[in-house]
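Report on the following structure.
Chains as they are written, first to last, in my numbering: chain A, 1136 to 1532; chain B, 1136 to 1532.
Written out as structure tokens, the structure reads:
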């Protein structure tokens, strides 16, 4: 393994980053609700935003900034309590004004600030509180302040989610990679927006950052399917400031491969922390689909199974009744050959060649009883595969 | 109104029909679990079956029968307890054998029997119990036995669902129309298959029956969205035996229009009985979508809203927080203009022209507090409309 967990690591563990989280009255309860992540050097940026057609004002703003500046971002301001989505023109004005305040307070260029929000929809964050929060946070930035930032971005989450790795790119060359996230099950009145900010002191250009992020998110956050909704605020950012020094990490290099591995592991780790928070003591359900005509079809089947109330009941209650899996696969909208279908729960095959397989009900109950249930579907019609994670929350045990 | 409810009416209220339900050990508890609906005269048939790609054995069987005989069906045998879906070749053999037994017992042609099943998936009904049940039911058929049949087809339903109308086609010409249904929320281990059998003594040819049924089901059962799954056993049948006499009801006639109206009302009534059972004391939620590019797009939006956990939380808990509606609309996969969007809860408009509307939170809480909540979405981009019913079951209040 070329990366190691940094004990008590956080978003400002990589060299040249500082962060903090303060309380400025945006949340209903008194708690930290505004975070800044700041870099002393300009950052290259990779970014992925929500695919919901309703896009929150800060996401619009970021898209405009990144269209002209992907190489010299200096700060990310994140508020919880108000999503600033569905807020129309006034919401956009608020985010533009807040970014200006942050740039002025931090004494950095106006187009070097990104903005993220999470919380209630339909309400723009009050400008006076945002101004006060940004000022206080800007004055309290600290290279040890990452934990405070990770706390400030939470809404209905029950715990902060952060992780930092020391990555050995090769003998004698080490960089740091860190991330913080928020996200849990969608619980009204807060929609469980997924936010993730990743920092690294490695020198990587934005095109490579973007490609690397795309791969890592597809294999981690992209596999979560909890309550099935995509918020207008969802965003994953990676910022690379190069403060670790050394020559740029270039395309096709062994260094890039190692760094990508570490990014994959970091995103997987944070996604599992989100899943654990969403499951809140319930079971994790891992759904794997193979043999679909392509990966998109496989993903459609996996998501249909994840969405099924009957499947989640089966897992929550240890019921040796796999009918719900079959129903979800058949209703997924994906073309399939019923006579080729194979279904497995843990190590127990319950259907093969489209016909039920005689199994030991006790073994099946056992396969369902652990903290993690694996459901495997093989359509046997192609090479498409997909993996999706969900959980039993919301089901009576 | 040209139709009236028949007090204590049931599936065998129309002339020439007989029915019953018996107990033959198919359900886990001792209860009626096998029904026969029989007609003394050959029936024209209209039929709609599941669109799930996993099709239960009896549905396969019916499709084969109806491909060669749509004009002389004499009986429908329905069992509860075993769905006979996902049962492969042995399941098909069972249903063929059971239909043969029924035809022989009832002394009717072998290709005049239709078969329906509901219950656990992956298990074919035991042939010996089916044989015993069919024999007993065949010997107990009764023109007053409809209620017993309506009871025998239930699984996790809490009450039988039936309705009968006397329909005045014109001065001096009256026919009878009746239906029974099963269906509720999908609760493991039973998948809430939707079954509906409709009988009438009117003389109508099968092509017109099919068209009429299609319209009525689209406006009733087709609008239910509860737990989001479609079972491999779903079926709606209408049987017309012509026993009321008189000339055939022809295409374009006023008689056909009146009969269609009554069929619409009957299906709506039975669908609302299913919804009431599914809601089990919770609220009904009516979702209407207007202004989509076409009806299919409108339906896609309505179903996305119905599926939203956040929306159902809002309704269950009377929370004046409409963000979940917006999120579901934006993530529905339907193309839309965010700046045209209009959202309404009861009489309270919460978003117009894509911007939030200031509203009285007390009025909104009131709009959410009744036994039925109406959510209206207008995309303002076309003429497509859709209506979907769901309920708050499964949400903690």
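From the three backbone atoms N, C-alpha and C, an ideal C-beta is built for every residue, glycine too. Source: prediction; values computed, not measured.
- Below 8 angstroms, too few C-beta pairs join the region 1195-1205 of chain A and the region 1252-1267 of chain A to call them touching: fewer than three.
- From the beta-carbon of residue 1189 of chain B, the residues of chain A found nearer than 9 angstroms are 1461, 1462, 1464, 1465, 1466, 1471, 1473, 1476, 1489.
- Look at residue 1413 of chain B: its C-beta is not under 8 angstroms from any C-beta on chain A.
- Restricting attention to A:1518, A:1376, A:1296, the CA atom closest to the CA of residue 1431 of chain A is found in A:1518.
- Residues of chain B whose Cβ lies closer than 7 angstroms to the Cβ of residue 1525 of chain A do not exist, since the nearest Cβ in that chain is about 12 angstroms away.
- Here the region 1218-1232 of chain B lies against the region 1476-1494 of chain A, with 3 or more beta-carbon pairs under 8 angstroms apart.
- At the C-beta level, residue 1480 of chain B and residue 1514 of chain B stay beyond 8 angstroms of one another.
- For residue 1242 of chain A, the three-state secondary structure derived from DSSP is coil.
- According to DSSP, residue pairing for residue 1486 of chain A in a beta bridge involves A:1478, A:1491.
- Among the bridge pairs identified by DSSP, residue 1184 of chain A is matched with A:1370.
- Relative to residue 1148 of chain A, the option among A:1332, A:1494, A:1498, A:1307 whose CA is nearest is A:1332.
- Approximately 5 angstroms separates the beta-carbon atoms of residue 1153 of chain A and residue 1173 of chain A; this is inside 8 angstroms, confirming the contact.
- Beta-bridge pairing by DSSP links residue 1139 of chain A to A:1301.
- Legend: CB atoms of the region 1243-1263 of chain B lying less than 8 angstroms from CB atoms of chain A belong to residues 1255, 1256, 1257, 1258.
- Distance check between residue 1249 of chain B and each of B:1356, B:1529, B:1361, B:1180 places B:1180 closest, using alpha-carbon atoms only.
- The continuous stretches of alpha helix (DSSP H) do not include residue 1312 of chain A, which lies in the beta strand (DSSP E) extending over residues 1308-1317.
- In the displayed model, residue 1498 of chain B falls within a helix according to three-state DSSP.
- Judged by beta-carbon spacing, residue 1348 of chain A lies within the 8 angstroms limit of residue 1373 of chain A, meaning their Cβ atoms are closer than that value.
- Between the alpha carbons of residue 1468 of chain A and residue 1436 of chain A lies a distance of about 8 angstroms.
- Contact annotation: in the region 1435-1459 of chain A, residues whose CB is within less than 8 angstroms of a CB in chain B are 1442, 1443, 1444, 1445, 1448, 1449, 1452, 1454, 1456, 1457, 1458, 1459.
- Contact between the region 1182-1189 of chain A and the region 1286-1294 of chain A is absent: fewer than 3 CB-CB pairs across the two stretches fall below 8 angstroms.
- When the beta-carbon positions are compared, residue 1401 of chain B and residue 1314 of chain B come within less than 8 angstroms of each other.
- Counting along the chain, residue 1459 of chain A sits inside the alpha helix (DSSP H) bounded by residues 1458-1465.
- For the region 1366-1379 of chain B, the residues whose beta carbon sits under 9 angstroms from a beta carbon of chain A are, in order, 1366, 1367.
- For residue 1362 of chain B, the neighbours in chain A by C-beta distance under 9 angstroms run, in chain order, 1443, 1444, 1445.
- The C-beta of residue 1426 of chain A has 16 or more other C-beta atoms within 10 Å across all chains shown, which makes the residue buried.
- Here residue 1150 of chain B carries a coil assignment [DSSP, helix/strand/coil].
- For residue 1419 of chain A, the uninterrupted beta strand (DSSP E) run begins and ends at 1419-1427, by DSSP.
- Out of A:1227, A:1241, A:1395, A:1232, the CA that lies nearest to the CA of residue 1210 of chain A is found in A:1241.
- With respect to chain A, the C-beta atom of residue 1318 of chain B has no partner C-beta closer than 8 angstroms.
- With respect to residue 1319 of chain B, residue 1146 of chain B sits apart: the two C-beta atoms are not nearer than 8 angstroms.
- Note that the region 1369-1387 of chain B touches the region 1338-1347 of chain B; at least 3 beta-carbon pairs, one per stretch, sit closer than 8 angstroms.
- At least one CB atom of chain B sits nearer than 8 angstroms to the CB of residue 1222 of chain A.
- Against chain B, a Cβ distance below 8 angstroms from residue 1486 of chain A picks out 1221, 1257.
- Taking C-alpha positions only, residue 1245 of chain A is separated from residue 1166 of chain A by approximately 28 angstroms.
- Cβ-Cβ distances below 6 angstroms link residue 1527 of chain A to 1417, 1418, 1447, 1450, 1451 in the same chain, with the five nearest sequence neighbours on each side left out; the list follows chain order.
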